[in-house]
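What follows is one structure encoded as structure tokens, with my remarks underneath.
Number of protein chains: 2
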Amino acid sequence: MPTELSASPQSLSSADLFAGASASTLKIAAASARWRRVPNGKRIFRQGDEDARAHVVVAGGVRISQTGSDGAQVVMRFICAGEMFGTVALFTDRKYPADATAIVDTIEASWREADLLDLMTRFPQIAINAIRIVGWRLQEMQNRARELATRSAEQRIAQALIRLGQQSGRSTPAGTTILLPLRRKDIADISGTTLFTASRILTGWARAGLVTDQRRRLTIADHAGLQQVAEQS
Amino acid sequence: MPTELSASPQSLSSADLFAGASASTLKIAAASARWRRVPNGKRIFRQGDEDARAHVVVAGGVRISQTGSDGAQVVMRFICAGEMFGTVALFTDRKYPADATAIVDTIEASWREADLLDLMTRFPQIAINAIRIVGWRLQEMQNRARELATRSAEQRIAQALIRLGQQSGRSTPAGTTILLPLRRKDIADISGTTLFTASRILTGWARAGLVTDQRRRLTIADHAGLQQVAEQS
DNA sequence: CCGCAAATTTGCGCCAAAGCAACGTTTTGA
DNA sequence: TCAAAACGTTGCTTTGGCGCAAATTTGCGG
């Protein structure tokens, strides 16, 4: 039996990007940032946009999703406070590969490509940190691709909830509550299934006491049970 | 209708990693490399191994695959001559996230983590090049995840062949021949389907004149037709 | 607090593709 | 050169989960 894959990703925060940077470096970084307030539901950038910048969520939450030419949506990732997004575009063709939409009222900071490249050239550690962050995300996408190809819809939803719990969960008396407000469609689009299947499975779990769901705020009541669903072969 | 995603990835060669490096930089890089000959079928590293190094295929071809705890296999990528692999592990937890297996007799060069980090710190452009390469791969995995979630098995196989043609295709009178020798299982595992489905679809295409298949060497005879299969909504 | 719009639930039919088994073909290595 | 093993094909059966429609609940603006 092969080695089990590492649970991995941790929170990929902007703090990691500037890890090891001196006070003066941070000052230079802060000076070149642009800050914005984004209301719930508003798009921050759109797939194909060309003026790519590097973004960080200061407060709130963002959905990163791709929309196929047939209208099918897939959520690549949810971004919580402190995490980077939109950064990969800077290093490829400068076109954002996905949409970014605020799913709660959000504040985000961003940097121009030139400013970030300048920082990286002067402080190589920042560039190395960036590889590390992108590397984790690549590993996560590889794991998700494996799951899409080999696991059932139920297992994928379970795994998605476990990831979201690690990423943005808060411990409460009832269990781990996922802070981001998620609709059934969001759950479906990040698990690679349909609204209907996601609804059926979640109501089933709610009845079985695995999760509870109040006003789009999911709580994982039985973490071990959920893990078992995700891992059953 | 949303902007169509860029076809993207190009060949991600080691040349890109050292793009812009001076002759002296290259000399330092070459001096610290380790070279190995790997016979067809032999594993180069294994998922979970800890002594991660940065690898380049000098000649031959390599299959990067993950094996789930239930034995299910997924191919993440095939690596052709000139391309990097195994590099992401250096920047995450130093454990290879997948297996690497030679699928033809292969020569591979590799660097220790310390040597590569040293190079990157001294020549930040190399670090920036590395982000670019990993960024392209992340985008490619995101596209593949979207396809796994939203497209049919037939469309995914078509897309996989198109990618392989771009990556390792050679023009011949009969069309574009994919140089890597691929078994039905390889095709299935990179498209997220089964051996049986892959076989059925490929024999169908062979009958229709879209592809020909001689001794595990696939040739795309009708590129436009294949593209149409991949894109039909 | 009301009423409308959006989100969710649920029953049901259906199909793409997985799983299985049996058989043909190619490759390998001794 | 030949046999065994690996690989590929194909018919049949089974099923997870998609898609639609209709009913129900929730959330929001006024």
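Protein chains in written order, with numbering that gives the first Met the number 0: chain A, 0 to 232; chain B, 0 to 232. The beta carbon of each residue, even a glycine, is placed where N, CA and C say it ideally should be.
Please compile the residues from chain A whose C-beta is within a distance smaller than 8 Å of the C-beta of residue i.
i: residue 220 of chain B; result: Within chain A, no residue comes near residue 220 of chain B; the closest Cβ sits about 25 Å away, beyond 8 Å.
i: residue 255 of chain B; result: The question about residue 255 of chain B has no answer, for chain B in this structure spans 0 to 232.
i: residue 136 of chain B; result: 137
i: residue 131 of chain B; result: 90, 91
i: residue 119 of chain B; result: 123, 126, 127
i: residue 87 of chain B; result: 134, 137, 138
Listing by chain order, which chain B residues have their CB less than 7 Å from the CB of residue i?
i: residue 145 of chain A; result: 65, 67, 73
i: residue 24 of chain A; result: What residue 24 of chain A touches in chain B: nothing, since even the nearest Cβ is about 14 Å away.
Name the DSSP beta bridge partners of residue i, please?
i: residue 58 of chain A; result: A/106
i: residue 24 of chain A; result: Partner(s): none; residue 24 of chain A has no beta bridge.
i: residue 119 of chain B; result: Note: residue 119 of chain B sits in no beta bridge, so no partner.
i: residue 170 of chain B; result: B/175
i: residue 92 of chain B; result: In the DSSP output, where bridge partners are listed per residue, residue 92 of chain B has none listed.
i: residue 72 of chain B; result: B/66
i: residue 77 of chain A; result: A/62
i: residue 217 of chain A; result: A/212
i: residue 98 of chain A; result: A/64
i: residue 133 of chain B; result: The partner list for residue 133 of chain B (beta bridge, DSSP) is empty, contrary to what the question assumes.
i: residue 34 of chain B; result: B/108
i: residue 53 of chain A; result: A/110
i: residue 42 of chain B; result: B/100
By the criterion of Cβ-Cβ separation under 7 Å, what are the contact partners of residue i in chain A?
i: residue 148 of chain B; result: 73, 147, 191
i: residue 208 of chain B; result: None at all; the shortest Cβ gap to chain A is about 26 Å.
Looking only at its chain, what residues have a beta carbon closer than 6 Å to the beta carbon of residue i, apart from the 5 residues adjacent to it on each side?
i: residue 174 of chain B; result: 218, 219, 220
i: residue 114 of chain B; result: 31
Rounded to the nearest angstrom, what separates residue i and residue j at their Cα positions?
i: residue 65 of chain B; j: residue 102 of chain B; result: 15 Å
i: residue 71 of chain A; j: residue 20 of chain B; result: 43 Å
i: residue 190 of chain A; j: residue 200 of chain A; result: 12 Å
i: residue 124 of chain A; j: residue 117 of chain A; result: 12 Å
i: residue 198 of chain A; j: residue 188 of chain A; result: 12 Å
i: residue 61 of chain B; j: residue 183 of chain A; result: 40 Å
i: residue 5 of chain B; j: residue 206 of chain A; result: Its pLDDT being 34, under 50, residue 5 of chain B is placed unreliably in this model, and the value from its coordinates should be taken loosely. Near 44 Å, if we compare the C-alpha coordinates of residue 206 of chain A and residue 5 of chain B.
i: residue 133 of chain B; j: residue 87 of chain B; result: 7 Å
i: residue 192 of chain A; j: residue 149 of chain B; result: 9 Å
i: residue 41 of chain A; j: residue 59 of chain A; result: 12 Å
i: residue 170 of chain A; j: residue 158 of chain B; result: 43 Å
i: residue 215 of chain A; j: residue 222 of chain B; result: 46 Å
i: residue 136 of chain B; j: residue 142 of chain B; result: 10 Å
i: residue 121 of chain A; j: residue 230 of chain A; result: 45 Å
i: residue 204 of chain B; j: residue 151 of chain B; result: 15 Å
i: residue 100 of chain A; j: residue 196 of chain B; result: 37 Å
i: residue 181 of chain A; j: residue 155 of chain B; result: 29 Å
i: residue 165 of chain A; j: residue 112 of chain A; result: 30 Å
i: residue 209 of chain B; j: residue 160 of chain B; result: 11 Å
i: residue 39 of chain B; j: residue 146 of chain A; result: 28 Å
i: residue 119 of chain B; j: residue 105 of chain A; result: 35 Å
i: residue 50 of chain A; j: residue 89 of chain A; result: 9 Å
i: residue 177 of chain B; j: residue 225 of chain B; result: 14 Å
Given that residue i touches chain A, what residues does it touch there, using C-beta distances under 9 Å?
i: residue 216 of chain B; result: What residue 216 of chain B touches in chain A: nothing, since even the nearest Cβ is about 25 Å away.
i: residue 156 of chain B; result: By Cβ distance, chain A contributes nothing, its closest Cβ being about 13 Å from residue 156 of chain B, past 9 Å.
Going along chain B in order, which residues have a C-beta closer than 8 Å to the C-beta of residue i?
i: residue 18 of chain A; result: In chain order: nothing, as chain B lies at least about 13 Å away.
i: residue 141 of chain A; result: 65, 75, 96, 97, 140
By Cβ distance below 7 Å, which residues in the same chain neighbour residue i in space, the five residues on each side in sequence not counted?
i: residue 107 of chain B; result: 35, 37, 43, 54, 55, 56, 57
i: residue 12 of chain A; result: At residue 12 of chain A the pLDDT is 48, less than 50, meaning the model places this residue with poor confidence and gives no usable figure here.
i: residue 241 of chain B; result: Given a span of 0 to 232 for chain B in the structure shown, any question on residue 241 of chain B remains unanswerable.
i: residue 110 of chain A; result: 31, 32, 52, 53
i: residue 212 of chain A; result: 201, 205
For residue i, which residues of its own chain have a beta-carbon under 8 Å away from its beta-carbon, when the five flanking residues on both sides are left out?
i: residue 17 of chain A; result: 24, 25, 28, 125, 128
i: residue 48 of chain B; result: 94, 95
i: residue 74 of chain A; result: 62, 63, 64, 185, 188, 189
i: residue 179 of chain B; result: 60, 77, 79, 102, 103, 163, 167
i: residue 227 of chain A; result: none
i: residue 131 of chain A; result: 15
i: residue 84 of chain A; result: 54, 55, 56, 61, 63, 76, 78, 99
Would you mind telling me which residues of chain B sit closer than 9 Å to residue i, beta carbon to beta carbon, in chain order?
i: residue 28 of chain A; result: In chain order: nothing, as chain B lies at least about 16 Å away.
Return yes when at least one heavy atom of the ligand FAD lies under 7 Å from the C-beta of residue i, else no.
i: residue 56 of chain A; result: In the structure on display, the ligand FAD does not appear, and there are no ligands present to speak of.
Chain B contacts from the stretch 36-58 of chain A (Cβ-Cβ distance under 7 Å):
For the stretch 36-58 of chain A, which is checked against every Cβ of chain B, the residues closer than 7 Å are 46, 47.
Tell me which residues of the stretch 93-106 of chain A have at least one Cβ-Cβ distance to chain B shorter than 9 Å, keeping chain order.
Residues of the stretch 93-106 of chain A whose Cβ lies closer than 9 Å to any Cβ of chain B, in chain order: 94, 96, 97, 98.
Note down, in chain order, all residues in the stretch 168-200 of chain A with a beta-carbon under 7 Å from any beta-carbon belonging to chain B.
Within the stretch 168-200 of chain A, the residues whose Cβ lies closer than 7 Å to any Cβ of chain B are, in chain order, 191.
Residues in the stretch 221-232 of chain B with C-beta within 9 Å of chain A's C-beta atoms, listed in sequence order?
Identification of residues in the stretch 221-232 of chain B having a C-beta nearer than 9 Å to some C-beta of chain A yields 230, 232, given in sequence order.
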